[in-house]
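Asker: Taken in sequence, the protein lines are chains A and B.
4 is the number of the first residue of the first sequence in the numbering used here; add one for each residue after it.
8 is the number of the first residue of the second sequence in the numbering used here; add one for each residue after it.
After the structure tokens below, expect a handful of questions from me.
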Amino acid sequence: MAVANRESALARVAADPVSRRKLLAVTGGSTALAAFLAACGSDGDSTMTTGAAAGGKSGTEKFGKGDVGILNYALTLEYLETAFYEDVAKSGLFRGSDLETIRKFGSEEAEHVSALTGFVKQMGGTPAPAPKTEFPLKSARSVLELAATVENLGAAAYLGQAPYIKGASVLAAALSIHSVEGRHAAALNTLLGDSIVPDGAFAKPAGAAEVLKSVEPFIVG
Amino acid sequence: MSDQTLAQPELAAVQVDVNDSEDLSRGEVILKGALAAGAVYGAAMVGPFVGRALAMAGGGDVGILNFALTLEYLESAFYREAKTRAKASGDLKKLIALVGRDEDEHVGALTETIKKLGGRPVAEPKFDFPYSGTAGFLKLAQTFEDTGVSAYNGAAPQIKSAEVLEAAGSIVQVEARHAAAIRLQNGTEPAPLAFDPSLPKAKVLKAVEPFIA
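Here it is, written out as structure tokens:
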């Protein structure tokens with residue numbers, strides 16, 4: 004992808020909270036409420052069930068088989084978040100308590116990276132490599148917008164994978180990270196003056212294909 | 008573990024903590040306040056509500072959903088009362104309205120789902136929240152939201168149905184968002200730990216029991 008395209012697309016998303024929310028809405032897939040309705044299934048309408056229940060695929064197969072693929076997909080996203088916060092902390096755009104928050108969130112993403120790496124190895128898999136990343140760091144506001152976009156998307160990504168996870172301990176780990184991503188997203192939304200719950204009372208999941216497409220502009224190699 | 012009961016539990020001090028453990032799924036979770044006080048809630052404290060909730064809860068996913076419903080009832084009632092009791096203004100007043108609305112929606116969705124799965128939703132108990140003023144409200148709100156996150160995270164791996172799991176996941180993320188926002192209002196870190204601890208059902212029920220009137 005050409006650099007110019009990447010920058011313009013990103014700038015648009017980063018600068019515009021409406022398109023950011025729209026992006027999240029588009030990547031949302033089935034709503035939780037629909038999932039609740041599907042859960043009853045008393046009318047036997049299988050078309051109402053989600054991908055996981057219908058035996059669908061997680062979309063993480065290219066990262067490995069089953070839970071290892073899901074963990075490596077999550078690891079790739081965590082690498083991206085870690086690199087983002089490192090770049091932001093070094094950018095000089097933030098100081099004081101905002102900088103502390105960025106460092107804290109970044110260190111938590113780094114902990115997610117090491118935990119997921121350990122998990123993949125424990126399961127006999129090969130951890131996904133760290134992608135080479137590049138982020139537009141133009142102004143404090145646009146960086147916070149981008150941070151919120153990434154965190155909201157990250158939370159939606161974990162939620163989207165939860166129904167596909169087979170192992171109870173993998174699921175427990177994913178959930179314990181998922182809610183932290185949700186906390187990060189809400190804190191950043193608060194800083195921006197946006198709603199802490201952009202999807203309302205039920206957070207929306209995002210499928211792997213949509214998530215990967217959304218983060219593609221940040222991956223340069 | 009002692010059978011000793013707490014005459015005056017340090018309610019606001021009931022906080023969820025976790026040891027740094029390499030095994031995330033087995034993170035040692037404790038109820039800090041109660042344990043630090045050198046007392047634990049004994050079997051004698053298991054009041055009629057908890058007994059009834061467990062009896063009616065049923066097994067499997069319905070049981071977990073009823074457990075979640077109990078927590079959502081508590082939160083819903085807490086924020087409903089807070090509209091007048093918390094003496095909040097400005098951003099906090101708006102936050103209380105927003106979070107309360109979300110908790111009400113969780114109650115509604117869980118109730119419907121339990122019915123559709125052929126289960127019987129547990130009845131809403133009467134609650135008693137011992138706090139005063141904005142600071143007291145915020146402290147208790149933080150405890151409830153953090154405990155809610157840990158409760159869902161602890162119960163979710165036992166869920167059988169993919170749809171129920173996804174729904175529980177979508178609720179726990181919202182609880183985590185509430186927790187972060189309440190923590191910011193409290194002047195504390197929104198995400199204090201890299202991994203949210205999980206809390207087993209029995210400990211959650213014991214933690215909320217003191218608030219059942």
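Glycine included, every Cβ here is placed at the ideal spot set by N, Cα and C.
Using the Cα positions of Ala38 of chain A and Gly95 of chain A, report the straight-line distance between them to the nearest angstrom.
Answerer: Here the model assigns Ala38 of chain A a pLDDT of 38, short of 50, so the residue's position is not dependable and the matter cannot be decided.
Asker: Taking only the alpha-carbon atoms, compute the straight-line gap between Pro201 of chain A and Ala159 of chain A and give it to the nearest angstrom.
Answerer: One C-alpha to the other measures close to 12 Å.
Asker: Helix, strand or coil for Thr136 of chain A, going by three-state DSSP, please let me know.
Answerer: DSSP places Thr136 of chain A in strand when its eight states are reduced to three.
Asker: Assuming Gln149 of chain B is part of the alpha helix (DSSP H), what are its boundary residues?
Answerer: It spans Gly140 to Ala162 - the alpha helix (DSSP H) in which Gln149 of chain B sits, taken as one unbroken run.
Asker: Suppose you measure from the CA of Ala188 of chain B to the CA of Val106 of chain B; what does that come to, to the nearest Å?
Answerer: Their Cα atoms are separated by approximately 10 Å.
Asker: If you draw a straight line from the alpha carbon of Asp70 of chain A to that of Ser61 of chain A, how long is it in whole angstroms?
Answerer: Approximately 10 Å, taken between the alpha carbons.
Asker: To be precise: take each residue of the segment 140-152 of chain A, compare its Cβ to all Cβ atoms of chain E, and keep it if any distance is under 9 Å. Which residues remain?
Answerer: Any reference to chain E falls outside this structure, whose protein chains are A and B.
Asker: Can you find the residues in the same chain that come closer than 7 Å, C-beta to C-beta, to Met126 of chain A, ignoring five residues on each side of it along the sequence?
Answerer: Excluding positions up to five away in sequence, the list reads Asp70 and Val71.
Asker: Quick one, which of A:Pro220, A:Ala188, A:Leu178 and A:Phe138 has its alpha-carbon nearest Ile73 of chain A's?
Answerer: The shortest C-alpha separation from Ile73 of chain A is found at A:Leu178.
Asker: Find the residues of chain B that neighbour Arg98 of chain A, judging by a C-beta separation of less than 7 Å, and give them in chain order.
Answerer: Neighbours of Arg98 of chain A on chain B: none; closest Cβ ~18 Å, over 7 Å.
Asker: Glu182 of chain B: buried (16+ other C-beta within 10 angstroms of its C-beta) or exposed?
Answerer: Under this definition Glu182 of chain B is a buried residue.
Asker: When the Cα atoms are used, what is the spatial distance from Pro199 of chain B to Asn192 of chain A?
Answerer: Each residue's alpha carbon lies about 17 Å from the other.
Asker: Nearest to Thr85 of chain A by alpha carbon, out of A:Glu184, A:Ala209 and A:Phe122?
Answerer: Closest by alpha carbon: A:Glu184.
Asker: Short of 8 Å Cβ to Cβ, which residues in the segment 171-188 of chain B face chain A?
Answerer: Result list: Val171, Leu172, Glu173, Ala174, Gly176, Ser177, Ile178, Val179, Gln180, Val181, Glu182, Ala183, Arg184, His185, Ala186, Ala187 and Ala188.
Asker: Kindly indicate which three-state DSSP category Ile219 of chain B falls into: helix, strand or coil?
Answerer: Ile219 of chain B falls in the strand class under three-state DSSP.
Asker: Here's the rule I'm using: 16 or more other beta-carbon atoms within 10 Å means buried, otherwise exposed. How should Ser83 of chain B be labelled?
Answerer: Result: buried.
Asker: Kindly indicate if chain A contains any beta-carbon less than 9 Å away from that of Leu206 of chain B.
Answerer: Chain A, which has no Cβ nearer than 9 Å to the Cβ of Leu206 of chain B, makes this no.
Asker: Counting along the chain, where does the alpha helix (DSSP H) carrying Phe85 of chain B start and finish?
Answerer: Phe85 of chain B -> alpha helix (DSSP H) spans Gly67 to Arg92.
Asker: Express the C-alpha separation of Leu76 of chain B and Gly125 of chain B in angstroms, rounding to a whole number.
Answerer: Taking the straight line joining both Cα atoms gives about 15 Å.
Asker: Does DSSP put Ile121 of chain B in a helix, in a strand, or in coil?
Answerer: Of the three classes helix, strand and coil, the one that applies to Ile121 of chain B here is helix, per DSSP.
Asker: Between the segment 167-178 of chain A and the segment 162-178 of chain B, can you find at least three pairs of beta-carbon atoms closer than 8 Å?
Answerer: Output reads yes: the segment 167-178 of chain A touches the segment 162-178 of chain B.
Asker: According to DSSP, what are the bridge partners of Phe97 of chain A?
Answerer: In DSSP, Phe97 of chain A forms no bridge with anything.
Asker: Using only the alpha-carbon positions, how far apart do His113 of chain B and Phe108 of chain A sit?
Answerer: Distance between the alpha carbons of His113 of chain B and Phe108 of chain A: 28 Å.
Asker: Alpha carbons only, please: which of A:Pro166, A:Ala92, A:Val173 and A:His187 is nearest the one belonging to Ala209 of chain A?
Answerer: When each option's Cα is compared against that of Ala209 of chain A, the closest is A:Pro166.
Asker: How would you label Val156 of chain B, buried or exposed, when you count the other beta carbons within 10 angstroms and need 16 or more for buried?
Answerer: Looking at its Cβ environment, which holds 16 or more other Cβ atoms inside 10 Å, Val156 of chain B is buried.
Asker: Is it the case that the Cβ atoms of Phe85 of chain B and Leu172 of chain B are separated by a distance below 9 Å?
Answerer: Not closer than 9 Å, so no.
Asker: Could you please give me the residues that DSSP links to Phe134 of chain B through a beta bridge?
Answerer: Phe134 of chain B is bridged to B:Ile219.
Asker: Can you name the start and end residues of the alpha helix (DSSP H) that Thr193 of chain A belongs to?
Answerer: Taken as a continuous stretch (DSSP letters only), the alpha helix (DSSP H) holding Thr193 of chain A covers Ala171 to Leu195.
Asker: With distances taken between CB atoms, is the gap from Thr136 of chain A to Leu78 of chain A smaller than 9 Å?
Answerer: Result no, Cβ atoms of Thr136 of chain A and Leu78 of chain A do not sit closer than 9 Å.
Asker: In terms of residues, what are the limits of the alpha helix (DSSP H) holding Ser218 of chain A?
Answerer: Note that residue 218 of chain A is Val in the sequence shown here, rather than Ser. First-last of the alpha helix (DSSP H) with Val218 of chain A: Ala211 to Val218.
Asker: Output, in chain order, the set of chain B residues within a Cβ distance shorter than 7 Å of Pro134 of chain A.
Answerer: Result: empty, since nearest Cβ-Cβ is about 21 Å, beyond 7 Å.
Asker: Taking Asn155 of chain A as part of the alpha helix (DSSP H), name the residues at either end of that continuous run.
Answerer: Asn155 of chain A -> alpha helix (DSSP H) spans Ala143 to Gln164.
Asker: Examine chain B for any beta-carbon lying closer than 9 Å to the beta-carbon of Phe87 of chain A, and answer yes or no.
Answerer: It does not: the Cβ of Phe87 of chain A has no partner Cβ on chain B nearer than 9 Å.
Asker: In the DSSP output, which residue or residues are listed as bridge partners for Ile222 of chain A?
Answerer: Ile222 of chain A is bridged to A:Thr136.
Asker: To the nearest angstrom, how far is the alpha carbon of Pro220 of chain A from that of Pro137 of chain B?
Answerer: Each residue's Cα considered, the two are about 51 Å apart.
Asker: Express the C-alpha separation of Lys122 of chain B and Gln180 of chain B in angstroms, rounding to a whole number.
Answerer: Spanning the two alpha carbons is a distance of roughly 23 Å.
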